[in-house]
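Structure first, commentary second.
Protein chains in written order, with the working numbering: chain A, 198 to 584; chain B, 27 to 319.
Written as structure tokens, this is what we have:
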């Protein structure tokens with residue numbers, strides 16, 4: 198789960214990370230008020246769950262409260278298209294209004310899981326404000342890593358090693374130490390997948406400040422963080438994905454036109470892959486899970502069909518725990534409430550497969566049956582091309 | 027022979043009185059697995075299908091000599107269940123539970139250091155030595171005894187691959203699901219090592235997926251050490267970057283963990299990669315034929 202920059206900064210500030218003075222605002226009038234309170238040149242930053250805001254025009258500098266208000270008018274309520282939002286972009290509902298700094302130097306600092314070590318790891322880079330993924334790809338040697346191997350966070354020598362590596366002036370160590378330990382503490386306490394300060398800046402006033410912050414949380418741990426769940430902004434998420442997650446389904450919208458309903462994440466990905474191999478494009482990833490009921494299957498099927506781009510549906514089930522007859526019943530139930538106008542290919546294999554096929558053939562649905570995954574994929578791609 | 031489990035394995039179920047634990051304990055027992063004990067705090071002195079239930083793992087092990095444990099408890103308490111089994115000296119621990127917080131698993135990994143237990147999972151289907159012992163949620167009827175070892179991060183895709191193998195009359199020595207989470211117990215390399223030493227295994231199928239670097243690390247190990255032919259498949263070639271594809275560990279982040287990187291690394295290590303998920307079985311057959319089996 199992602200949160201906005203202003204929310205991440207609020208959380209990190211509680212862990213002793215220094216962040217710029219400022220406040221979030223949702224109208225140009227509010228922006229004017231905050232800018233006047235700050236009393237100096239300020240920055241206006243669009244709050245959406247995507248990077249690349251600066252280049253897309255979502256971050257502006259203002260000298261006066263009036264200018265801040267005028268700039269906010271151009272941002273709030275407008276769509277912002279960055280390289281991470283996709284072509285549809287996101288509507289900006291709020292902006293963060295913050296004090297401006299004279300920046301002497303900027304760095305990258307982040308914490309993420311190191312899957313090879315099965316431990317969280319701090320990453321630091323002497324180049325700040327850059328896209329760390331780019332650096333990781335092009336010049337991985339520029340990224341320093343320190344694995345967090347104690348419940349207390351980084352050990353003092355690790356912090357020193359990072360500070361020296363970043364070229365931080367020795368006398369700034371007193372500022373760096375609590376900041377990095379605060380970031381690590383926040384990462385651990387809040388069950389983060391990622392906690393990132395990019396850039397971390399050293400200002401001409403001699404402060405060390407988190408100019409931008411990003412946090413992503415482990416969705417499996419949200420049950421113990423109601424305070425983080427409360428920060429969720431569903432406007433930033435795909436509505437079908439939200440609907441699916443409410444009923445405990447894993448659904449991800451893709452760009453293609455062949456809807457998929459599959460049991461199991463691995464088989465669901467394999468189904469997408471084989472559609473592509475046959476020359477088609479999957480419209481979604483959907484795992485109905487192991488023990489889904491008839492109703493859940495019906496709801497899942499309706500979510501797939503509700504995608505306007507879907508011109509055909511492939512159901513691929515390898516019944517183990519999931520019984521094929523339950524899948525068939527779910528499809529029939531969904532079809533009662535929602536007319537299926539696109540071709541439907543169904544492959545039912547495994548537990549109660551024959552019974553499932555019988556239920557489908559006895560219904561009035563026009564179902565193209567397939568015995569193997571390859572046959573199913575070929576049939577749906579062909580049917581969609583003819584549709 | 028097989029790896030990790032056989033007809034002598036004595037299994038206890040943690041969470042035996044829950045709906046999932048009951049269902050799968052019954053099915054595994056019907057398969058022929060020696061289900062010897064169950065653990066549910068507060069439910070001792072009762073039985074399920076004739077299997078005695080205990081308050082604690084330590085007591086269950088003491089009373090029944092169970093040497094493997096399978097865990098079906100909810101995610102919020104699963105880490106504790108794994109550590110309880112390790113503390114009781116259970117040799118093989120399998121955690122089926124999906125949705126355990128990563129921080130909990132990091133703690134478990136640290137706790138297991140220096141303990142004698144082998145741990146598989148979480149978020150996995152379990153392990154099966156066909157005809158001898160099935161521990162977990164996989165459909166037993168599709169497996170056949172035979173020479174092919176299978177190790178996979180996925181559940182249902184493994185069933186698909188096993189079904190292809192069985193239809194081609196290629197049985198399996200042991201099939202291990204290592205799970206779809208980013209922090210897991212035994213990985214590809216540990217399982218490949220066991221298959222390498224197992225006389226009953228003549229070829230191995232390895233099914234990986236996007237995210238992390240386990241497949242790349244396995245490729246390095248295979249190139250240096252593996253004496254048996256390995257057939258591979260990596261799922262998620264069409265998965266978009268930055269999206270978690272069902273499994274917590276199946277995510278391409280920062281351009282790393284793509285299917286292409288993994289396929290290339292495994293190919294370089296001499297692993298024969300199946301071109302489609304529909305031809306995994308066929309590819310193994312070709313590999314076995316070429317290697318003279």
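Quick reminder that beta carbons are idealized off the backbone N, C-alpha and C, glycines included.
> From the DSSP output, which residues share a beta bridge with residue 318 of chain A?
Replying inline: Within the first chain, residue 318 of chain A is the residue found at index 121, counting from 1. In the DSSP output, where bridge partners are listed per residue, residue 318 of chain A has A/309 and A/344.
> Closer than 7 Å, Cβ to any Cβ of chain B: which residues of the segment 408 to 419 of chain A, in chain order?
Replying inline: The segment 408 to 419 of chain A vs chain B, Cβ under 7 Å: 415, 417 and 418.
>> Less than 8 Å between the C-beta atoms of residue 159 of chain B and residue 59 of chain B, yes or no?
In response: Translated into the one-based positions of the second chain, residue 159 of chain B becomes position 133. Translated into the one-based positions of the second chain, residue 59 of chain B becomes position 33. The answer is yes: Cβ separation under 8 Å.
>> Buried or exposed, going by whether 16 or more other CB atoms sit within 10 Å of the CB of residue 423 of chain A?
In response: As a first step, residue 423 of chain A is located in the first chain; it is residue number 226 there, counting from the start. Exposed is the call here.
> Residues of chain A with a CB under 7 Å from the CB of residue 101 of chain B: which are they?
Replying inline: Translated into the one-based positions of the second chain, residue 101 of chain B becomes position 75. By Cβ distance, chain A contributes 417.
>> Quick check on residue 218 of chain B: does DSSP put it in helix, strand or coil?
In response: Counting from one through the second chain, the residue named residue 218 of chain B turns up at place 192. Reduced to three states, the DSSP call for residue 218 of chain B is helix.
>> Here's the rule: buried if 16 or more other CB atoms are within 10 angstroms of the residue's CB, otherwise exposed. What is residue 570 of chain A?
In response: Numbered from its first residue, the first chain carries residue 570 of chain A at position 373. By the 10 Å Cβ count, residue 570 of chain A comes out buried.
>> So that I know if they touch, is there some Cβ in chain A lying closer than 8 Å to that of residue 142 of chain B?
In response: Position 116 of the second chain, counting from 1, holds the residue named residue 142 of chain B. Taking Cβ atoms only, chain A never reaches closer than 8 Å to residue 142 of chain B, which makes this a no.
> Can you give the beta carbon distance from residue 257 of chain B to residue 313 of chain B, rounded, assuming they're within the 8 Å contact cut?
Replying inline: If you number the second chain from 1, residue 257 of chain B lands on position 231. If you number the second chain from 1, residue 313 of chain B lands on position 287. Yes, they are in contact, since the Cβ atoms of residue 257 of chain B and residue 313 of chain B sit about 5 Å apart, within 8 Å.
>> I need the straight-line Cα distance from residue 563 of chain A to residue 475 of chain A, nearest angstrom please.
In response: Translated into positions along the first chain, residue 563 of chain A becomes position 366. Translated into positions along the first chain, residue 475 of chain A becomes position 278. Straight-line Cα distance between these residues: approximately 22 Å.
> Since residue 473 of chain A meets chain B, which of its residues come closer than 9 Å, beta carbon to beta carbon?
Replying inline: The count along the first chain starts at 1 and reaches residue 473 of chain A at position 276. The contacting residues are 263 and 264.
> Listed from N- to C-terminal order along the chain, which residues in the segment 323 to 337 of chain A have their beta-carbon within a distance smaller than 8 Å of any beta-carbon of chain B?
Replying inline: 329, 330, 333 and 334
> Should residue 426 of chain A go down as buried or exposed, given a rule of 16 or more other Cβ atoms within 10 Å for buried?
Replying inline: Counted from its first residue, the first chain places residue 426 of chain A at position 229. Classification of residue 426 of chain A: exposed, given that the 10 Å Cβ count is below 16.
>> Starting from residue 484 of chain A, trace the beta strand (DSSP E) in both directions and tell me its first and last residue.
In response: Here residue 484 of chain A refers to the residue found at position 287 of the first chain. Segment 481 to 484, the beta strand (DSSP E) holding residue 484 of chain A.
> Hey, would you say residue 289 of chain A sits closer than 8 Å to residue 228 of chain A, going by beta carbons?
Replying inline: The residue given as residue 289 of chain A occupies position 92 in the first chain. The residue given as residue 228 of chain A occupies position 31 in the first chain. Contact flag unset, no.
> How is the beta strand (DSSP E) around residue 89 of chain B delimited, first residue to last?
Replying inline: Translated into positions along the second chain, residue 89 of chain B becomes position 63. Here residue 89 of chain B belongs to no beta strand (DSSP E); instead the alpha helix (DSSP H) covers 83 to 90.
>> Which residues in chain A have a C-beta closer than 7 Å to the C-beta of residue 135 of chain B? List them in chain order.
In response: Reading the second chain from its first residue, position 109 is the one you call residue 135 of chain B. Ordered by position in chain A, the residues that pass the 7 Å Cβ test against residue 135 of chain B are 315.
> When you compare only the Cα positions, how much space is there between residue 229 of chain B and residue 173 of chain B?
Replying inline: Against the second chain, residue 229 of chain B aligns to sequence position 203. Against the second chain, residue 173 of chain B aligns to sequence position 147. Going by the C-alpha atoms only, they are around 7 Å apart.
> Do the CB positions of residue 247 of chain A and residue 294 of chain A come within less than 8 Å of each other?
Replying inline: Taking the first chain and counting its residues from 1, the one referred to as residue 247 of chain A is at position 50. Taking the first chain and counting its residues from 1, the one referred to as residue 294 of chain A is at position 97. Cβ atoms of residue 247 of chain A and residue 294 of chain A: not closer than 8 Å.
> Is the distance from the Cβ of residue 148 of chain B to the Cβ of residue 126 of chain B below 8 Å?
Replying inline: Stepping through the second chain from its first residue, residue 148 of chain B is reached at position 122. Stepping through the second chain from its first residue, residue 126 of chain B is reached at position 100. Their beta carbons are under 8 Å apart, which means residue 148 of chain B touches residue 126 of chain B by this criterion.
> Are the Cβ atoms of residue 260 of chain B and residue 288 of chain B separated by less than 8 Å?
Replying inline: One-based indexing of the second chain puts residue 260 of chain B at position 234. One-based indexing of the second chain puts residue 288 of chain B at position 262. Note that the C-beta distance between residue 260 of chain B and residue 288 of chain B is below 8 Å.
> Around the C-beta of residue 268 of chain B, are 16 or more other C-beta atoms found within 10 angstroms, so that it is buried, or is it exposed?
Replying inline: Within the second chain, numbered from 1, the residue matching residue 268 of chain B stands at position 242. Classification of residue 268 of chain B: exposed, given that the 10 Å Cβ count is below 16.
>> Is the beta carbon of residue 206 of chain B closer than 8 Å to that of residue 573 of chain A?
In response: Position 376 of the first chain, counted from the start, is the residue given in the question as residue 573 of chain A. Position 180 of the second chain, counted from the start, is the residue given in the question as residue 206 of chain B. Their beta carbons are not under 8 Å apart, which means residue 573 of chain A does not touch residue 206 of chain B by this criterion.
>> Counting only beta-carbon separations shorter than 8 Å, does residue 126 of chain B have a partner in chain A?
In response: In the second chain, the residue the question calls residue 126 of chain B occupies position 100. Output row for residue 126 of chain B: interface = yes.
> Name the chain A residues that come within less than 8 Å of residue 281 of chain B, Cβ to Cβ?
Replying inline: If you number the second chain from 1, residue 281 of chain B lands on position 255. Per Cβ cutoff of 8 Å: 330, 333 and 334.
>> What does the alpha-carbon distance come out to for the pair residue 334 of chain A and residue 328 of chain A?
In response: Along the first chain, read from residue 1 onward, the residue named residue 334 of chain A stands at position 137. Along the first chain, read from residue 1 onward, the residue named residue 328 of chain A stands at position 131. The straight-line gap from Cα to Cα measures roughly 10 Å.
> Looking only at C-alpha atoms, which of B/197, B/40, B/292 and B/71 sits nearest to residue 118 of chain B?
Replying inline: Here the question's residue 118 of chain B lines up with position 92 in the second chain. When each option's Cα is compared against that of residue 118 of chain B, the closest is B/40.
> Closer than 8 Å, Cβ to any Cβ of chain B: which residues of the segment 479 to 498 of chain A, in chain order?
Replying inline: Listed by position along the chain: 479, 482, 484, 487 and 488.
>> Using a Cβ-Cβ distance cut-off of 8 Å, determine whether residue 38 of chain B contacts chain A.
In response: Mapped onto the second chain, residue 38 of chain B falls at position 12. Answer no: the Cβ-Cβ gap between residue 38 of chain B and chain A never drops below 8 Å.
> Expressed to the nearest angstrom, what Euclidean distance is found between the alpha-carbon atoms of residue 78 of chain B and residue 161 of chain B?
Replying inline: Locating residue 78 of chain B in the second chain gives position 52, where the first residue counts as 1. Locating residue 161 of chain B in the second chain gives position 135, where the first residue counts as 1. About 18 Å.
>> Quick check on residue 436 of chain A: buried or exposed, where buried means 16 or more other Cβ atoms within 10 Å of its Cβ?
In response: Locating residue 436 of chain A in the first chain gives position 239, counting from the first residue. With fewer than 16 Cβ atoms within 10 Å of its Cβ, residue 436 of chain A is classed as exposed.
> Does the separation of the CB atoms of residue 266 of chain B and residue 238 of chain B fall below 8 Å?
Replying inline: Translated into positions along the second chain, residue 266 of chain B becomes position 240. Translated into positions along the second chain, residue 238 of chain B becomes position 212. No, these two residues do not count as a Cβ contact at 8 Å.
> In the structure shown, what three-state DSSP assignment does residue 282 of chain B receive?
Replying inline: As a working note, residue 282 of chain B is residue 256 in the second chain. Three-state DSSP puts residue 282 of chain B in a strand.
> Quick one: what does DSSP say residue 32 of chain B is sitting in, helix, strand or coil?
Replying inline: Locating residue 32 of chain B in the second chain gives position 6, counting from the first residue. Note: residue 32 of chain B maps to coil in three-state DSSP.
>> Let's test the definition: count the other Cβ atoms within 10 Å of the Cβ of residue 551 of chain A and tell me whether it reaches 16, buried, or not, exposed.
In response: Within the first chain, the letter at position 354 stands for residue 551 of chain A. Burial state of residue 551 of chain A is exposed, judged by a 10 Å Cβ sphere holding fewer than 16 other Cβ atoms.
>> By the DSSP assignment, the beta strand (DSSP E) with residue 544 of chain A in it spans what residues?
In response: Position 347 of the first chain, counted from the start, is the residue given in the question as residue 544 of chain A. Element bounds for residue 544 of chain A: 541 to 547.
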